[in-house]
Structures are given as structure tokens and as C-alpha cells.
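All residue numbers for the sequence shown refer to this note's numbering, where the first residue is 13 and numbers rise by one.
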Amino acid sequence: MTLLTALLWAVVGALGGLGIGRVSLRLESGIGELGPGERSGRTWIETWLLPALGLIGFYTFAMRQGMGPGLLVHSLWILVLIQMLGFDLKHRLILDVVTLPAMVVALVLASFSPDLSLWSALFGMLVGGGVLLPLAVVSSIFHGGRGFGWGDVKLGMVIGGITGMSLNYGGLYTLWALIAGTMIGGVITVGLLLTRRLSLHDAVPYGPFLILGCGLILFFM
13 MTLLTALLWA VVGALGGLGI GRVSLRLESG IGELGPGERS GRTWIETWLL PALGLIGFYT
73 FAMRQGMGPG LLVHSLWILV LIQMLGFDLK HRLILDVVTL PAMVVALVLA SFSPDLSLWS
133 ALFGMLVGGG VLLPLAVVSS IFHGGRGFGW GDVKLGMVIG GITGMSLNYG GLYTLWALIA
193 GTMIGGVITV GLLLTRRLSL HDAVPYGPFL ILGCGLILFF M
């Protein structure tokens with residue numbers, strides 16, 4: 013793909029990020045009462061972060077893959093992932109209205125994908141949700157659901173459906189995505205603790221880190 017085409021696709025990604033921000037604002041009205049410190053309405057997340065992530069994601073995948081069905085599918089997932097990332101950063105929520113349809117779409121697309129299959133996507137969902145389920149249970153019992161929540165379990169299932177999973181070493185994409193996300197989260201959390209921007213008593217939403225890990229693995233798949 014030429015640089016000009018990739019740049020044009022990046023503009024599409026930025027516009028898509030703006031559109032996703034508008035969708036998130038509409039979804040925001042249905043979550044009920046806001047928690048302490050939460051803000052409603054347009055913030056830097058909708059204005060800057062989501063368009064920037066859309067631009068960067070569309071550009072990097074275009075340069076790596078070139079134009080084709082694979083790029084269109086990955087671009088769709090970029091928009092879905094950045095919606096969940098932005099919403100989780102802002103409200104510490106990952107909505108069923110996003111994750112449940114995303115699971116269905118992942119299974120449908122995997123059925124027609126040359127790189128995935130329905131069974132690998134189903135196996136990925138089982139692994140993604142199964143790995144995070146015990147963490148959500150422990151978090152619910154000991155921390156009141158702060159940290160890992162049930163939305164993260166469903167996010168893990170979405171990640172599994174997107175990346176797919178097989179038993180050979182080269183096909184452990186769901187596990188690699190979760191491991192990458194956990195490592196990214198660990199590094200950033202330690203950095204925030206060392207700079208005292210975060211205390212040991214603060215809850216850290218891990219959804220955004222898992223999403224970044226998924227994006228990283230998708231890029232190198």
C-alpha cells in the first residue's frame with residue numbers, strides 16, 4: 013500500500029473514532045447514576061483519544077496489511093476495541109450492548125475467514141473468558157468488583173473470538189493477547205505507583221490494557 017493510501021485510510025480511522033465517540037455519548041445516557049469522580053458529556057476521550065487511536069490503528073494496519081478484506085475486518089475491530097477502551101477509562105464499565113453483539117459478529121466473521129475458523133473463535137472465547145473468570149470472582153469477593161469485573165470476562169471472550177485459539181504453539185493468540193495486556197498493565201501501574209499518581213488503594217481498570225494487548229497481537233498475527 014502506498015503512503016498516500018495509508019494516510020487517507022488513517023483519516024477514515026480518525027473520523028471513525030469521532031463517530032465512536034458520539035456512539036459512546038449516546039450509550040452513556042443509559043448507564044444510570046454516575047459514580048464518584050465520573051464525568052458525563054464530551055471529554056478529552058471523545059474529542060482527542062478515540063480519533064487519535066482510530067488514526068494510528070488504521071494507519072499502522074494499512075501499512076502492514078495493504079487494502080483488502082483483512083484490513084476491513086481489522087479496522088472494524090479497531091473501532092469496537094477503542095469504544096470499549098474509552099468507555100472503560102471514563103466509566104470503568106464495559107457494556108453488554110457492545111460485547112454481546114461483538115461476540116456474535118466475531119463468530120460470523122471467523123466462519124468466513126481464511127485465517128480463523130468458527131471452532132478456533134469459540135475456543136478462543138472459552139479460553140479468554142475462562143482465564144479471566146477466576147480473577148473476576150476473586151475481585152468480586154475481596155475487592156467489591158474493583159479491578160477485574162464481569163465486563164472484563166466478556167471482554168476476554170470478545171478478544172478470544174477476534175484472535176482465535178488453537179492448541180499448537182503458533183496459534184495461542186488469545187493467551188498471548190491476555191499476557192501482553194497484563195504485562196502492559198503491570199508496567200503502567202508500576203510507573204504510576206512510582207510517580208505517586210496512583211496509590212495502592214486505587215482501583216485500576218484492566219480492560220484498556222487487555223484491549224491494547226489484543227491490538228498488539230492482531231497487528232503481529
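From the three backbone atoms N, C-alpha and C, an ideal C-beta is built for every residue, glycine too.
Source: prediction; values computed, not measured.
Query: Please tell me whether VAL165 and GLY141 are closer than 9 Å, where the distance is taken between their beta carbons.; Result: yes
Query: Suppose only complete runs of 4+ residues qualify. What are the alpha helix (DSSP H) ranges in the region 72 to 143, listed by chain order?; Result: 81 to 103 and 108 to 123
Query: Within 10 angstroms of its Cβ, does MET79 collect 16 or more other Cβ (buried), or is it exposed?; Result: exposed
Query: Are the CB atoms of GLY136 and GLY176 nearer to each other than 9 Å?; Result: yes
Query: Taking 9 Å as the cut-off, decide whether the C-beta atoms of GLY69 and SER41 are in contact.; Result: no
Query: What's the call for LEU222, buried or exposed, on a 16-neighbour Cβ count within 10 Å?; Result: buried
Query: Let me know the secondary structure DSSP gives VAL216 once reduced to three states.; Result: coil
Query: Within its chain, find whatever has a CB closer than 7 Å to the CB of LEU224; leave out the 5 residues flanking it on each side and keep chain order.; Result: GLY193 and ILE196
Query: Using the Cβ count rule (16 or more neighbours within 10 Å means buried), how would you classify ARG208?; Result: exposed
Query: State buried or exposed for THR111, treating a residue as buried only when at least 16 other CB atoms are found within 10 Å of its CB.; Result: buried
Query: When burial is assigned at 16 or more other CB atoms within 10 Å of the CB, is PHE99 buried or exposed?; Result: buried
Query: Could you check if ASP127 belongs to the surroundings of the ligand ADP, using beta carbon to heavy atom distance under 8 Å?; Result: As presented, the structure is devoid of all ligands, the ligand ADP included, so that no description of it is given.
Query: Compute the beta-carbon to beta-carbon distance between ALA74 and ALA18, rounded to the nearest angstrom, for a pair I have assumed lies under 8 Å.; Result: 4 Å
Query: Starting from GLU40 and walking both ways along the alpha helix (DSSP H), at which residues does that stretch end?; Result: 15 to 40
Query: From what residue to what residue does the alpha helix (DSSP H) around LEU190 run?; Result: 185 to 206
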